[in-house]
DNA sequence: GATCACTGTGGGAACGATGCCATATCGGTT
DNA sequence: AACCGATATGGCATCGTTCCCACAGTGATC
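Structure below.
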């Protein structure tokens, strides 16, 4: 960033173009281009003169024009569901860092959980001719649409088209199994599951992990203990209240994402239940608040920034090898045991 | 990779251009442009034919080319300090929503608190020829640089160049005064201030508010109770430990942002102090965790998404009137009294 | 002294879209 | 019959950049 002084040549309306630099340096536009980008011949003295002229004029190449000519974009699109959720914010932060270090800019779209906004964003990215798109998809539509337009897509966190589209996800099944097994080992058998949905991709896998762990503990899935409540604190809060008020309430709850965990936590607090004496809680995704509360919440921690960074890396591999086999990267998760999980109250 | 070479008309590799649409519809490029954008004459049947051809080809206009020709960009740059901090994430979410509703795309740069990254981002935005930039600045440099390049800047949350650059901030002084007055009214006099810095813009104003409230309560600022610890949880945590271990520890703490509040909260928990019996805490910026912990933290709540949205609105006003007087918008804050603040222990 | 390789530079055609201007057609008026 | 305004369309320059190609100069080799 070169700073300009007072009456800079910039301050008069029109932005300097390569032509202005060429005239100032007394060479042709071609030579300026070569001198500044470093591709092709340029005598040392000429190069220096051009660079000085460019600096004096405050010339900054127009990325639009360059991209138009080269037909190669240096920006990536990122579509996330909800920036206000720390998970997506961290994801975006991770993607941003990796993109920056590779000289890419990041165009971000927060869909606020709206399907329309997701499609809109995809269209905008096609129009912008981004090099690729990273998305936490809510349906297969985005990937299909972008794929049809020849834009590489990396599905993150959830993956609707494994084998067709690249993906970067975490070990959902293993993580959910570890979390639930942890509860089983503490003696719990009536373990509730709060989850957004159980049919697709990530939700399905977490449900599988939960169910496997129960089976290994000799218990079965009790349908009334499985709550599918979407991505909504209010709803999960209400349904947690209902469930925890019942006399045959579960002794432990596994909340499959940080939003649902928040609803459950609020319900527990509201009912004055003691954690973990009355009810244990374990969450998938270690949100910041979970280590602020008391007791701290046991959680399956994901390297969320790493997820974003890995997605950008995967995208670049894809750009380098457009026809390579599509790949799903699975990142490890880690169960962080904290105070919110304890022995089942029914047992000694 | 399977996705290419489907049955779609797109899959010839090359993306369809306006020329392809023109040929398919049997008209000229000009006519296509007029028919699709709706500016200028186009017979109904021709318009329809063109639209159908465009739809069939999956034609999406190239924003780059359009922008280059029109010299008017429909994207804005947003520079925030740290997306992982809920404050900045909410700000970005607010800006994104408002931008989307106005048909703008958002290019986001997270500087990770690095000054270099801030400059880099500014440069990238000049190169991208964005319509304007919204920034939570860490120095006056960004605004100066972008201003010199004729790019409108809106400074958000902090403002280094009031009267020169537009700004959108909150009532820092009033908010800090209310927070501190609340403590004073509860009988506190030894009130510590944790703040990032006290010399510029937002930090200075919050310090002023704190100091005014103390004065109104008949107390003076005690330098050793004012901790400037930057944007760093670890540092504020350590210094809070030091301060709260002393026998003459403060009876209340005002943490001037959510990061510092986190450090203080952790220190309080670590020392086993009771809140608010042993020490009261009030924070500036109501982060999500503050209503999850027990007791909940009294905080000065800002409409953070509103801040981002207001910045985008201000930017558009600026674009409509490039030479208008520069303006600083001040958004109201609201003290949310919760359980973390109580009567001073020394008094009855 | 002709040929060649190499260095260095400029001219000009793209890239994909827009929008000014010229032109064409047509019903209606002078 | 000439002219008009309105409607409708195409031709072409243009935005800022890159990069292919032509060309000029310079030594060195045959």
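Chains as they are written, first to last, in the working numbering: chain A, 1 to 348; chain B, 1001 to 1348. Beta carbons: idealized from backbone N, C-alpha and C, even for Gly. Computed from a predicted model, the values in this text were never measured in an experiment.
Under the three-state DSSP convention, the category residue i falls into
i, result
"residue 1155 of chain B", "strand"
"residue 1067 of chain B", "helix"
"residue 1165 of chain B", "strand"
"residue 1018 of chain B", "helix"
"residue 297 of chain A", "coil"
"residue 1278 of chain B", "coil"
"residue 284 of chain A", "strand"
"residue 3 of chain A", "For residue 3 of chain A, the predicted model reports a pLDDT of 45, less than 50, meaning its position is unreliable and no value from the coordinates is stated."
"residue 1321 of chain B", "coil"
"residue 1106 of chain B", "strand"
"residue 179 of chain A", "helix"
"residue 1091 of chain B", "helix"
"residue 1072 of chain B", "coil"
"residue 1160 of chain B", "coil"
"residue 147 of chain A", "helix"
"residue 186 of chain A", "coil"
"residue 115 of chain A", "helix"
"residue 131 of chain A", "coil"
"residue 1308 of chain B", "helix"
"residue 1035 of chain B", "helix"
"residue 1244 of chain B", "helix"
Residue-level contact to chain B via CB, residue i, 7 Å cutoff
i, result
"residue 63 of chain A", "yes"
"residue 37 of chain A", "no"
"residue 107 of chain A", "yes"
"residue 292 of chain A", "yes"
"residue 92 of chain A", "yes"
Residue-chain proximity (residue i, chain A), Cβ-Cβ < 7 Å
i, result
"residue 1318 of chain B", "no"
"residue 1074 of chain B", "no"
"residue 1096 of chain B", "yes"
"residue 1356 of chain B", "Within the shown structure, residues of chain B are numbered from 1001 to 1348, placing residue 1356 of chain B beyond reach of any answer."
"residue 1289 of chain B", "yes"
"residue 1089 of chain B", "yes"
"residue 1001 of chain B", "For residue 1001 of chain B, the predicted structure reports a pLDDT of 29, less than 50, and the residue's modelled location is therefore unreliable. A value from the coordinates is still provided. Yes, because at least one Cβ of chain A sits closer than 7 Å to the Cβ of residue 1001 of chain B."
"residue 1340 of chain B", "no"
"residue 1068 of chain B", "yes"
"residue 1010 of chain B", "In this prediction, residue 1010 of chain B has a pLDDT of 46, which is less than 50 and means its spatial position is unreliable; what the coordinates show is noted afterwards. It does: the Cβ of residue 1010 of chain B has a partner Cβ on chain A nearer than 7 Å."
"residue 1083 of chain B", "yes"
"residue 1323 of chain B", "no"
Cβ-Cβ separation, residue j to residue i (assumed contact under 8 Å), whole Å
i, j, result
"residue 15 of chain A", "residue 1306 of chain B", "Contact doesn't hold; Cβ gap of about 33 Å is too wide."
"residue 1157 of chain B", "residue 1169 of chain B", "6 Å"
"residue 186 of chain A", "residue 342 of chain A", "6 Å"
"residue 140 of chain A", "residue 318 of chain A", "Wrong, their Cβ atoms sit about 18 Å apart, outside the cutoff."
"residue 21 of chain A", "residue 57 of chain A", "6 Å"
"residue 1261 of chain B", "residue 1283 of chain B", "4 Å"
Amino acids of chain A, ordered along the chain, whose beta-carbon sits closer than 8 Å to that of residue i
i, result
"residue 1058 of chain B", "148 and 149"
"residue 1126 of chain B", "60"
"residue 1117 of chain B", "100"
Chain A residues whose Cβ lies nearer than 9 Å to that of residue i
i, result
"residue 1262 of chain B", "288 and 292"
"residue 1110 of chain B", "92, 93, 96, 97, 100 and 106"
"residue 1086 of chain B", "84, 86, 89 and 288"
Cross-chain neighbours of residue i in chain B, by beta carbon under 9 Å
i, result
"residue 15 of chain A", "1126, 1129, 1149 and 1150"
Neighbouring residues, chain A, relative to residue i (Cβ below 7 Å)
i, result
"residue 1278 of chain B", "Correct list: empty, because the minimum Cβ distance to chain A is about 15 Å."
"residue 1269 of chain B", "294"
With 9 Å as the limit, tell me which residues of the region 1129–1159 of chain B have their beta carbon closer than that to any beta carbon of chain A; keep them in chain order. Residues passing the 9 Å Cβ filter: 1129, 1141, 1142, 1144, 1145, 1148, 1149 and 1150.
With 7 Å as the C-beta to C-beta threshold (strictly closer), list the residues of the region 199–211 of chain A near chain B in chain order. For the region 199–211 of chain A, which is checked against every Cβ of chain B, not one residue is closer than 7 Å.
Could you name the residues of the region 226–243 of chain A whose beta carbon sits closer than 7 Å to any beta carbon of chain B, in the order they occur along the chain? Per Cβ criterion, the list is empty.
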